[in-house]
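The structure under discussion appears below in the form of structure tokens.
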Amino acid sequence: MDALPTSALRMPESPEPRLPLFTLSEAHELLDVLQHFGTTDHDWGAQARHFAAELAARVPSYDA
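Heads up: the sequence shown begins at 2 in the numbering used here, then just goes up one per residue.
Structure, rendered in structure tokens:
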């Protein structure tokens, strides 16, 4: 029996999720919380700033 090449078994990677995980208002609330915690001077504050920047790049503004 012929084996399938491993490239045939891999799913194509999508740059964005197929379904939104948050509503727009939930995403903006989370962004506000992350930005608030990002003002702290701890390691998790740096992580919050990083996640806030990632989220801000993907969430459309209310104006759009």
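Cβ coordinates follow ideal geometry from the N, Cα and C atoms, glycine included. These numbers come from a predicted model, not from an experiment.
- When the Cα atoms are used, Phe-38 and Ala-57 turn out to be separated by approximately 15 Å.
- Within a 10 Å sphere around the beta-carbon of Ala-54 sit fewer than 16 other beta-carbons, which makes this residue exposed.
- For the pair Leu-25 and Phe-52, the CB atoms are not nearer than the 8 Å cut-off.
- Assignment of His-43 by DSSP, reduced to helix, strand and coil, places it in the coil class.
- Sixteen is the threshold: when 16 or more other Cβ atoms of the shown chains lie within 10 Å of the Cβ of Ala-49, as they do, the residue is buried.
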